[in-house]
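Using my numbering, the letters of the sequence shown correspond one by one to residues 227 to 405. From the three backbone atoms N, C-alpha and C, an ideal C-beta is built for every residue, glycine too. Here is the structure we will look at.
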Amino acid sequence: MKVEDAPPAGWYPDPDGGSRLRWWEGTDWSDRYRAPPTRSEVDRRALTSATHDEDHQVHLEDYQLPQVASRSRRDTDAMVEQVRLAARAEADRAAQMFGAQARAAAGQVQPLITQYTSRITRWIRILSVVAILLLIVWLAFQIFVEVTLFDWIGDRIDNITDNLGEDSSSVSGTIHLRR
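Structure follows, in structure tokens:
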């Protein structure tokens, strides 16, 4: 049963049981309760309506309250069950529509975190490549400097020893003098 087929808003027997009436809002039960109307209330309402519209003949059957109050428990249970089924069907339909819309929206929207993550990841990759290249250049420079330094020191030592060989007498004399 669809919402359009649900009973109109009004006072109906309480689906939880008891002799009181409960207000049906057209789609769901409210928290408003009342006792069933007495015969005098119905007659008074009929007379007030009749005084406003003289041409309209008011009958007791025209009022929803007496008819509802006179329904049997089985009729009330059947009506309540129909309303429950209608409400459940509408809730299921709404959930399916919401799920379809949510899936469609999720498929169309790219999360912001992926945009920032891809930028950050790209910059981290670039910086890591630059850092590795700088490390390699630094190591090559260090090796070159050490080799060049050792060659320079070796050349100086060779020059000193070559000079010692040419004047070994003066150098050895100075060496002996210093000792």
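- Looking at Asp318, Gly244 and Asp254, the one whose alpha-carbon comes closest to that of Pro262 is Gly244.
- By the 16-neighbour rule on beta-carbons within 10 angstroms, Tyr259 is exposed.
- Leu360 and Ile350 have their C-alpha atoms spaced approximately 15 Å apart.
- Between Pro234 and Leu247, the C-beta gap is not smaller than 9 Å, which leaves the two residues out of contact.
- Under the DSSP assignment, Gly333 falls in the alpha helix (DSSP H) whose first and last residues are Arg299 to Gln334.
- Annotated three-state conformation of Arg246 is coil, per DSSP.
- In the DSSP assignment, Trp255 forms a beta bridge with Trp250.
- By the beta-carbon neighbour count (other beta carbons within 10 angstroms, threshold 16), Ala232 is buried.
- The straight-line gap separating the alpha-carbon atoms of Ile383 and Ile369 is approximately 21 Å.
- The residues Val306, in chain order, have a CB closer than 6 Å to that of Pro241 in the same chain once the five nearest residues on each side in sequence are set aside.
- In this chain, the beta strand (DSSP E) harbouring Pro239 covers Gly236 to Pro239.
- Within its own chain, the residues whose Cβ lies closer than 7 Å to the Cβ of Thr302, once the five positions on either side in sequence are excluded, are Pro239, listed in chain order.
- Rounded to whole angstroms, the Cβ separation of Asp254 and Ala313 is 7 Å, and the two are in contact under 8 Å.
- In this model, Gln334 and Phe324 are separated by some 15 Å (Cα to Cα).
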